[in-house]
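**Q**
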Amino acid sequence: MRRVLVIGIGMGEAEGLTGHAIAALGRAEVFFLLDKGEGAGELVAAREQLIARFAKPGHRVVRAPSPPRRPAALAGARETYEGAVADWHDARARLLAGLIAGELPEEGTGAILVWGDPMLYDSTLRVLGAARAQAEFTVEVFPGLTALQALCAAHQIPLNAIGEEVALTTGRHVAQATPASPAFAVLLDDGSGLTALAARGFDGDIWWGANLGTSAQVLRHGRLGAVAGEIAEVRAQVKAARGWVMDVWLARALPPG
Numbered sequence: 001m002r003r004v005l006v007i008g009i010g011m012g013e014a015e016g017l018t019g020h021a022i023a024a025l026g027r028a029e030v031f032f033l034l035d036k037g038e039g040a041g042e043l044v045a046a047r048e049q050l051i052a053r054f055a056k057p058g059h060r061v062v063r064a065p066s067p068p069r070r071p072a073a074l075a076g077a078r079e080t081y082e083g084a085v086a087d088w089h090d091a092r093a094r095l096l097a098g099l100i101a102g103e104l105p106e107e108g109t110g111a112i113l114v115w116g117d118p119m120l121y122d123s124t125l126r127v128l129g130a131a132r133a134q135a136e137f138t139v140e141v142f143p144g145l146t147a148l149q150a151l152c153a154a155h156q157i158p159l160n161a162i163g164e165e166v167a168l169t170t171g172r173h174v175a176q177a178t179p180a181s182p183a184f185a186v187l188l189d190d191g192s193g194l195t196a197l198a199a200r201g202f203d204g205d206i207w208w209g210a211n212l213g214t215s216a217q218v219l220r221h222g223r224l225g226a227v228a229g230e231i232a233e234v235r236a237q238v239k240a241a242r243g244w245v246m247d248v249w250l251a252r253a254l255p256p257g
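full-length UniProt numbering numbers the first residue of the sequence shown as 1 and each following residue consecutively.
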């Protein structure tokens, strides 16, 4: 049966790969790269560099444009955020099922490289689960360094205070309401979550980082009210300069009184 290796590549730097990830790269015969476009070519290039360095001779790279995700208002009958994402996942599952069946020989080994770790706010495993209803293959997963780990390392902080609960959420949820947890880590924020939190007068500290583990890494830390504007400006500058930005942040409310 065909095999697909899902390999977490951390921040995309060779030095940040685990030994298991490097070994998995050396096993694959076919690598599937889905290009989201919109300035993300540098992210594809980072994957290509890892493949060129660690893949075995004779490997192939199969490239395909990733189906675009439609805005919720254009998602057809399911006009919700969740519906739009579900439609997008369905399209990606059909694409991957076709690529795996058409490009990977029987008993062959393919690979998909995933930024960070496949278990954390990434759809690859969910999409492959749906694709397995359309094509026969097995899946192996190799974890990678997460952006949250890289953030804490860059700021030289532990994730949690002693005995503290830390919530994990998205920018979309923070834009709607402040998390109840005294500390919360935020991923997938387009900037609106941080801006909304500052506008609500959140009294606490923030540790923010963009493009972590790369030469373009940027860090900021301080009281949210004092640094929110600067973070928004820096984020916009990084995105304008590179065509993309991936950031993550940790917020911690000041204790009452």
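Built from N, CA and C at the ideal position, the CB exists for glycine as well.
#1: For the beta strand (DSSP E) containing R252, list its first residue and its last residue.
#2: How long is the line joining the alpha carbons of A133 and L96, rounded to whole angstroms?
#3: Enumerate in chain order the residues of its own chain whose CB-to-CB distance from T138 is below 8 angstroms, with the five nearest sequence positions on each side excluded.
#4: Thinking C-alpha only, which one of W88, A23 and A93 is nearest A135?
#5: Is it right to say G10 is buried, meaning 16 or more other beta carbons lie within 10 angstroms of its own, or is it exposed?
#6: To the nearest angstrom, how far is it from the Cα of G191 to the Cα of A24?
#7: Within the segment 101-131, note down every full beta strand (DSSP E) run reaching 3 residues or more, in order along the chain.
#8: Compare the Cα-Cα distances from A55 to each of A226, D247 and A21 and report the closest residue.
#9: Whole angstroms are fine: how far does the CA of P105 sit from the CA of L224?
#10: Out of G110, V85, L148 and V186, point me to the one whose CA is closest to S123's CA.
#11: On a Cα-Cα basis, can you pick out the residue from T18, T80 and L219 that is closest to I231?
#12: Return helix, strand or coil for H89, following the three-state DSSP convention.
#13: With a cut-off of 8 angstroms on the beta carbons, I'd call R27 and T109 a contact; round off their distance for me.
**A** Judging by the given coordinates:
#1: D247 to A253
#2: Here the alpha carbon of A133 sits roughly 11 angstroms from the alpha carbon of L96.
#3: M1, R2, R3 and V4
#4: A93
#5: buried
#6: 35 angstroms
#7: 109-114
#8: A21
#9: 53 angstroms
#10: V85
#11: L219
#12: In the three-state reduction of the DSSP assignment, H89 falls in the helix class, which pools H, G and I.
#13: At roughly 6 angstroms, the Cβ-Cβ gap stays under 8 angstroms, so R27 and T109 are in contact.
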